[in-house]
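Residue numbers (our numbering), protein chains in the order written: chain V, 1 to 406; chain G, 1 to 374; chain C, 1 to 209. Don't be surprised by glycine CBs; every beta carbon is placed ideally from N, CA and C. Quantities reported herein were computed from a predicted structural model and do not represent experimental measurements. Encoded as structure tokens, the structure appears first; notes follow it.
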Amino acid sequence: MKQLNVLKSLVIDSLDTITKGTKKYHIWMGFLTLVMIIGMYCYSIQLEKGLSVTGMSDRVSWGLYISNFTFLVGVAAAAVMLVMPTYVLKDIDFKQAVLIGEGLAVSALIMCLAFVVADMGGPSVLWHMIPGIGVFNFPNSMLTWDVIVLNGYLFINISIPFYILFQHYQNKEAKKKVYVPGAVLSVFWAVGIHLVTAFLYQGLQARPFWNNALLGPRFLASAFAAGPALIILVLAIIRSFTTFNIPDKTIKKIALIVTVAAQINLIMLVSELFKEFYAPTHHSESAFYLFFGLHGKDALIPWIWTAIPMNVIATIILTFGKFRNNLKVLYFCCVLLFVAIWIEKGFGLIVPGFIPGPYGKIAEYLPTGIEVGVTIGIWALGAFVFTILAKTAIGIELGELRYKNK
Amino acid sequence: MSEKNKWYKLNLGLNRNKKTATTCGCGNSEGNCNSKKEKKLSEQEFYDSAVDASIGDEREKDGFDQVFDVSMDRRSAFKKLTASLLIGAGAISSCTSVIKSDEGKEKAQIDWEEQFKGNYKLMTDEEKEKTVNRLMRSYELRTGKNISMSSKNAEEDVLFGYAFNISKCQGYMNCVSACVEENNQDRKSQKQYIRIHEMKDGEGFNFNTADDNYYHEVPAEGHFYMGTQCFHCDNPPCVEVCPVKATWREDDGIVVVDYDWCVGCRYCMAACPYDGRRFNWTKPEVPEEEINKNQHYLGNRMRKKGVMEKCTFCIQRSRQGQNPACVEACPTGARIFGNLLDPSSTIRWVLENKKVFRLKEDLGTEPKFWYFMD
Amino acid sequence: MKDKHLKYFFLTMLLMVLFSCKKEGEYHSVTDKIKAEQKPYHGKLTSEDLLTGTDLIKITEGEFTFLIPERKGQIKSYECIECHSKPFEKKKNANLKKAHWNIALKHANSDIMNCATCHNENDMNSLKSLTNQKIDINLSYKLCSQCHSSQFNDWKGGAHGKKVAGWTPPRASKTCVNCHNPHSPSFEKRWPVQFNTQKGIERNDGLGH
Chain V
1 MKQLNVLKSL VIDSLDTITK GTKKYHIWMG FLTLVMIIGM YCYSIQLEKG LSVTGMSDRV
61 SWGLYISNFT FLVGVAAAAV MLVMPTYVLK DIDFKQAVLI GEGLAVSALI MCLAFVVADM
121 GGPSVLWHMI PGIGVFNFPN SMLTWDVIVL NGYLFINISI PFYILFQHYQ NKEAKKKVYV
181 PGAVLSVFWA VGIHLVTAFL YQGLQARPFW NNALLGPRFL ASAFAAGPAL IILVLAIIRS
241 FTTFNIPDKT IKKIALIVTV AAQINLIMLV SELFKEFYAP THHSESAFYL FFGLHGKDAL
301 IPWIWTAIPM NVIATIILTF GKFRNNLKVL YFCCVLLFVA IWIEKGFGLI VPGFIPGPYG
361 KIAEYLPTGI EVGVTIGIWA LGAFVFTILA KTAIGIELGE LRYKNK
Chain G
1 MSEKNKWYKL NLGLNRNKKT ATTCGCGNSE GNCNSKKEKK LSEQEFYDSA VDASIGDERE
61 KDGFDQVFDV SMDRRSAFKK LTASLLIGAG AISSCTSVIK SDEGKEKAQI DWEEQFKGNY
121 KLMTDEEKEK TVNRLMRSYE LRTGKNISMS SKNAEEDVLF GYAFNISKCQ GYMNCVSACV
181 EENNQDRKSQ KQYIRIHEMK DGEGFNFNTA DDNYYHEVPA EGHFYMGTQC FHCDNPPCVE
241 VCPVKATWRE DDGIVVVDYD WCVGCRYCMA ACPYDGRRFN WTKPEVPEEE INKNQHYLGN
301 RMRKKGVMEK CTFCIQRSRQ GQNPACVEAC PTGARIFGNL LDPSSTIRWV LENKKVFRLK
361 EDLGTEPKFW YFMD
Chain C
1 MKDKHLKYFF LTMLLMVLFS CKKEGEYHSV TDKIKAEQKP YHGKLTSEDL LTGTDLIKIT
61 EGEFTFLIPE RKGQIKSYEC IECHSKPFEK KKNANLKKAH WNIALKHANS DIMNCATCHN
121 ENDMNSLKSL TNQKIDINLS YKLCSQCHSS QFNDWKGGAH GKKVAGWTPP RASKTCVNCH
181 NPHSPSFEKR WPVQFNTQKG IERNDGLGH
């Protein structure tokens with residue numbers, strides 16, 4: 001069939017593009033491969049010895065892996081911040097950035113799935129979750145909801161851009177009535193994935209640090225700040241390394257989204273702090289541990305007190321149009337915001353939820369070398385996948401990759 | 001499609017097949033070669049040296065390998081992800097191998113069936129029998145010793161309840177010791193389902209300042225003791241959140257885990273408000289002579305690494321009419337166990353006549369473990 | 001175009017909400033469940049198998065009827081009158097060697113209790129009540145219940161003491177003397193039998209050097 005031929009040719013051409021490039025490109029890909037291999041090696045140690053090689057324990061049973069998973073779901077959801085203006089609000093300025101954003105979503109989702117698998121105690125029996133062959137505890141378990149929405153979102157974010165690129169590859173126009181409904185669906189779906197992931201934690205009455213109404217909205221706000229911040233940084237890199245044209249206007253509009261989301265995030269943070277510290281109850285112990293240490297245990301204090309000021313400073317700077325429109329300042333603030341929200345969602349949310357334990361015991365958590373190894377291996381995997389996707393997409397969009405009828 | 005091998009070009013081997021059709025020893029399919037081989041070679045020798053020259057001595061002379069097998073470093077990185085398939089493949093190959101012994105084959109067969117069986121809760125009684133028999137046989141094959149494993153279902157009209165007398169507990173920890181022995185718990189990580197908290201008099205039930213890590217003569221002056229374990233809630237949050245339904249509440253009220261079905265996501269551990277669950281971060285090890293050979297599938301059989309476990313009210317004992325090991329072992333009689341549905345049981349008398357309370361009542365989990373005082 | 005999308009969206013939301021409603025448990029609380037489903041236990045399980053080999057007698061106290069372990073067979077030197085032929089008063093001679101010299105009475109102070117408080121001088125095989133009524137040694141709990149009435153009530157109901165074996169009917173509970181030495185009934189201070197998890201690990205790590 002002709003379609004298969006086109007597909008085969010697309011695969012070969014994209015493999016061609018991926019493996020050719022400047023020296024810097026090859027150093028980048030080589031470095032990523034090296035890190036991935038380190039990650040694989042660490043993971044093989046973890047498979048052999050069990051999860052005891054990580055820093056997790058019966059008291060703090062979720063650590064670095066799930067922190068990164070939570071954060072990356074947010075980043076994936078944020079790609080929708082580009083999709084919505086392009087397809088729903090028909091803002092032409094975003095058009096170039098959309099495919100990059102969706103590629104970022106795909107690689108973030110692959111990272112999420114990798115983190116979840118890395119965290120499992122029995123990855124070889126994960127088939128137990130497949131409905132039909134195994135048992136799928138839907139709708140009771142929020143984890144099953146999460147599996148559905150994440151895989152659905154991955155599917156949407158692979159199929160829509162793939163359709164568009166496939167058409168462009170053959171020099172054809174992508175039909176609006178095929179991709180626009182998918183794009184609109186993905187907007188709502190993106191809100192869904194992060195809300196469901198938040199509900200994973202929000203629904204546990206055993207962990208009062210998480211069991212509050214603001215967790216879901218806070219997740220969304222921080223995701224829509226961190227995700228587009230990463231997109232801005234990626235677009236900046238693409239601008240400088242390829243001939244792909246992204247106008248300043250696009251970046252400045254995305255910056256506006258980041259600013260508003262960061263401001264809402266700060267307001268929610270203030271609300272949470274007020275609730276925890278105005279009339280502290282037994283349930284505020286986790287917040288006390290996080291911000292001020294408890295009974296001499298204070299391992300998380302440096303982390304949170306770096307993250308919050310970074311967050312506040314970045315938000316304040318971005319509020320002023322003069323600074324936001326200065327691209328160098330913007331990039332700096334995006335880095336600050338991304339790192340700050342990464343810390344907040346990881347060490348500032350997941351780990352303190354477990355401390356103190358159900359009977360008030362404080363067992364601190366510190367990731368081991370193996371955990372860090374697997375984590376950076378998976379981040380390298382994400383960067384690798386994204387580079388591949390971006391290079392192919394940019395190639396097609398710039399007209400370099402075209403299907404030649406042979 | 002050029003033959004030029006740039007250092008960064010990914011050689012997928014799509015053009016490999018051209019090379020096998022060489023007629024010359026140096027490997028080029030066209031053009032002159034400088035081969036100085038003048039002497040006549042036999043057909044076979046010629047073929048051998050041609051193949052040798054083109055693909056090298058280290059390769060197997062297998063057509064399949066030549067066309068499809070490529071030296072790709074990244075492939076080795078993904079081998080680890082097929083761990084499960086390797087288990088199955090290894091099992092199959094040892095099943096059909098001619099050099100493996102009968103016992104080895106039987107063991108591989110058992111491992112294969114165990115890997116792919118379903119959820120215990122959904123099994124029929126027959127299937128439960130079969131899996132228990134397989135596990136007993138597997139143990140026999142591995143260690144040469146016999147165990148007895150039961151798959152007994154819940155008794156009718158039984159709902160287990162537990163009461164703990166705070167005035168009587170003196171912190172002796174006989175219960176912990178008996179539990180560890182009875183339930184084949186990992187000795188290396190000192191896994192204990194029961195925790196005994198030493199609390200100061202006059203401060204109420206203050207878990208924050210309680211010490212559960214004491215080791216001195218008990219009872220210590222000015223302190224009182226109480227114990228916690230899985231409370232077998234009637235509305236268990238851990239059961240709600242399991243994505244594969246590996247944990248559920250049986251009809252007699254015991255919350256159990258199917259160790260072979262658990263995927264190790266630890267969501268139930270995050271959801272339990274009472275610290276009832278324990279995870280096997282490593283492979284659990286029990287010295288051979290200390291293994292309790294009277295086992296139940298859902299209870300004290302040997303677990304593996306990466307699965308959750310918890311107190312099961314000694315399901316292997318309570319379903320035979322015995323008391324759990326902790327109840328039996330307590331020297332002061334602080335622990336009371338029985339059938340809540342039987343109006344004449346001692347546990348019902350305690351609930352009706354003593355001032356009982358439960359922990360974290362406001363969470364709505366309905367634990368079946370009450371505390372009371374004299 | 002947008003209206004159609006909105007319609008689909010709301011329809012999907014509605015379906016999701018309907019589909020995702022969890023089935024609530026039938027009972028609001030455990031006590032409701034107990035009240036609704038309670039039934040005297042007539043199942044297959046019985047403690048009789050576990051109790052074989054122990055001698056038990058049946059007692060009835062108030063509304064409670066249950067088994068207790070027989071005591072006479074457990075006392076090595078029963079029957080007491082084999083040695084103690086003479087009544088107690090005749091023995092109140094300071095020169096005679098004190099009987100059972102190795103039994104220290106650590107029960108109550110000497111204003112309240114001495115040997116003659118419990119042991120029946122007219123019949124050394126039995127005990128006696130506060131009003132000098134004979135109490136059979138098998139039913140020694142009747143003696144204890146005179147002072148320890150609240151513990152007695154708890155024991156009758158099942159909140160005090162232990163079962164001989166198992167939770168199934170017929171109920172067989174241990175008596176006072178099965179756990180408490182009547183001459184020195186309190187539990188001594190002692191070291192715990194086992195380390196806690198963390199302590200155990202710390203010690204293992206320390207010893208592992």
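The residue among 61/V, 269/V, 19/V, 232/V with its C-alpha nearest the C-alpha of residue 220/V is 269/V. The three-state secondary structure of residue 198/G, taken from DSSP, is strand. A direct Cα-Cα distance of roughly 48 Å separates residue 314/V from residue 304/G. Secondary structure at residue 257/G: strand, using DSSP grouped into helix, strand and coil. The shortest C-alpha to C-alpha distance from residue 40/V to any of 378/V, 404/V, 390/V is the one to 378/V.
Per the coordinates, the alpha-carbon of residue 63/C lies some 13 Å from the alpha-carbon of residue 346/G. Restricting attention to 139/G, 279/G, 354/G, the CA atom closest to the CA of residue 164/G is found in 354/G. Non-local C-beta neighbours of residue 163/C in its own chain, meaning closer than 6 Å and more than five positions away in sequence, comprise 173, ordered along the chain. For residue 128/V, the C-beta contacts it makes with chain G under 7 Å involve 244, 261, 263, in order along the chain. Neighbourhood of residue 353/G in chain C, by CB distance below 9 Å: 153, 154, 157, 159, in chain order. Residue 104/V and residue 386/V do touch by the CB rule: their CB atoms are close to 6 Å apart, below 8 Å.
For a cut-off of 8 Å, the C-beta gap from residue 295/V to residue 362/V is around 6 Å, short enough to register as a contact.
With respect to the C-alpha of residue 31/C, the residue from 343/G, 360/G, 373/G, 374/G having the closest C-alpha is 343/G. Taking each of 66/C, 37/C, 34/C in turn and checking the Cα distance to residue 48/C, the smallest one comes out for 66/C. The closest CA to that of residue 311/G, considering only 366/G, 265/G, 141/G, 180/G, is found on 180/G. Residue environment for residue 115/V: buried (at least 16 other C-beta atoms within 10 angstroms of its C-beta).
With its beta carbon at least 9 Å from every one in chain G, residue 289/V lies outside the interface. Where residue 310/G is concerned, the enclosing beta strand (DSSP E) starts and stops at 308-310. By alpha-carbon distance to residue 287/G, the top candidate from 190/G, 125/G, 128/G, 135/G is 190/G.
The beta carbon of residue 59/V is closer than 7 Å to those of 354, 357, 361, 363 in its chain, skipping five residues each way along the sequence. At a cut-off of 4 residues, the continuous stretches assigned as alpha helix (DSSP H) that sit fully inside the stretch 207-284 of chain V are 215-241, 248-277. In terms of Cβ geometry, residue 302/G and residue 315/G do not form a close pair [threshold 9 Å]. Sequence-distant partners of residue 148/G (beyond 5 residues in either direction) whose C-beta falls short of 8 Å from its own C-beta, in its chain, are 136, 293, 294, 295.
Exposure of residue 78/C is indicated by the presence of fewer than 16 other C-beta atoms within 10 angstroms of its C-beta. In this chain, the alpha helix (DSSP H) harbouring residue 307/V covers 301-319. DSSP, reduced to helix, strand and coil, places residue 192/G outside both helices and strands of the structure shown, so it counts as coil. Each of 359/G, 232/G, 269/G was checked against the Cα of residue 307/G, and the nearest Cα belongs to 269/G. When DSSP assignments are scanned along the stretch 155-193 of chain C, the uninterrupted stretches of alpha helix (DSSP H) that are 4 or more residues long and fall wholly within it turn out to be 176-179. The residue from 34/C, 202/C, 196/C, 119/C with its alpha-carbon nearest to that of residue 341/G is 34/C. Listed by position along chain G, the residues whose Cβ is nearer than 7 Å to that of residue 141/C form an empty set, because the closest Cβ is around 14 Å away.
As the crow flies, the alpha-carbon of residue 135/C is around 7 Å from that of residue 142/C. Taken in chain order, the members of the stretch 188-216 of chain V whose beta-carbon sits within less than 7 Å of a beta-carbon on chain C are 188. Among the residues of chain C, those whose CB is under 7 Å from the CB of residue 184/V are 5, following chain order. Residue environment: residue 397/V is assigned as buried (16 or more neighbouring CB atoms within 10 Å of its CB, all protein chains considered). By the neighbour-count definition (other C-beta atoms within 10 Å, threshold 16), residue 206/C is an exposed residue. Taking all protein chains in view, the Cβ of residue 335/G is crowded by 16 or more other Cβ atoms within 10 Å, so the residue is classified as buried.
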